[in-house]
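**Q** Would you mind keeping the following structure in view while I ask a few things?
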Amino acid sequence: MYAGHFAAGLALKARKPAAPTWAILVGTGFLDILFGPFVALGIERATMTPGQPPGFRLDYIDWSHSLAMSLVWSVLYAAVFWKRGRAIAALLGFAVFSHFLLDLPMHPADLALWPGSKIHLGLGLWHTPYYWWFELGCILLGCGYYWARARKLRNFGRHAGWIIVVVLGLHALNSPWISAGR
Numbered sequence: 166m167y168a169g170h171f172a173a174g175l176a177l178k179a180r181k182p183a184a185p186t187w188a189i190l191v192g193t194g195f196l197d198i199l200f201g202p203f204v205a206l207g208i209e210r211a212t213m214t215p216g217q218p219p220g221f222r223l224d225y226i227d228w229s230h231s232l233a234m235s236l237v238w239s240v241l242y243a244a245v246f247w248k249r250g251r252a253i254a255a256l257l258g259f260a261v262f263s264h265f266l267l268d269l270p271m272h273p274a275d276l277a278l279w280p281g282s283k284i285h286l287g288l289g290l291w292h293t294p295y296y297w298w299f300e301l302g303c304i305l306l307g308c309g310y311y312w313a314r315a316r317k318l319r320n321f322g323r324h325a326g327w328i329i330v331v332v333l334g335l336h337a338l339n340s341p342w343i344s345a346g347r
């Protein structure tokens with residue numbers, strides 16, 4: 166759901182244009198940024214599943230993607246930007262937490278409440294034929310809000326059209342029709 170996370174970031178940018186775009190987009194992907202090194206270090210585990218969307222199974226992601234750790238990473242990320250003001254720091258912290266919120270409908274029940282928790286959350290849309298369309302809806306909402314606010318405020322989003330094309334292109338590349346051909 167990378168494109169969906171970026172679209173959420175664009176919506177957050179539209180809400181608070183003074184927030185640095187790069188920090189918002191890094192924030193929306195921060196849990197996945199942590200996941201890579203955590204897998205490499207053996208802290209978390211994933212298994213490749215060719216031919217089955219999304220192409221991998223997340224065996225243990227409690228330190229990067231659990232509810233509790235998502236909140237911890239959100240607070241730590243916000244703290245880095247505290248000198249930019251409370252509102253911007255809070256928005257950037259929410260950018261990180263938005264990742265968990267957007268993963269909740271997509272992931273199967275692999276999102277723990279905390280590391281080692283027996284309770285895991287997730288609605289599992291990845292394993293339905295509708296996942297791509299659900300994400301497209303989220304992308305259109307986020308990008309639509311970004312576009313509308315950029316046009317209204319005119320103090321950000323000078324290249325909004327191109328940015329939206331890139332986000333939609335990323336989502337198209339993740340379509341089940343293109344992915345099936347790989």
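Our numbering numbers the first residue of the sequence shown as 166 and each following residue consecutively. Even glycine gets a Cβ: it sits at the ideal position worked out from N, Cα and C.
#1: Only counting the same chain, and skipping five residues up and downstream in sequence, which positions put a Cβ closer than 6 Å to that of His230?
#2: What is the DSSP secondary structure of Arg222, reduced to helix, strand or coil?
#3: Taking the straight line between their C-alpha atoms, what separation do you get for Trp238 and Pro294?
#4: Who does Arg210 pair with in a DSSP beta bridge?
#5: Between the region 252 to 271 and the region 202 to 218, can you find at least three pairs of beta-carbon atoms closer than 8 Å?
#6: So, for Ser235: in the same chain, excluding its five sequence neighbours on each side, which residues have a beta-carbon less than 6 Å away from its beta-carbon?
#7: According to DSSP, is Ala277 part of a helix, a strand, or is it coil?
#8: Please confirm if the region 299 to 309 is in contact with the region 166 to 184, defined as three or more CB-CB distances below 8 Å between the two stretches.
**A** Judging by the given coordinates:
#1: Leu196, Leu276
#2: strand
#3: 32 Å
#4: Tyr225
#5: no
#6: Phe262, Phe265
#7: strand
#8: yes
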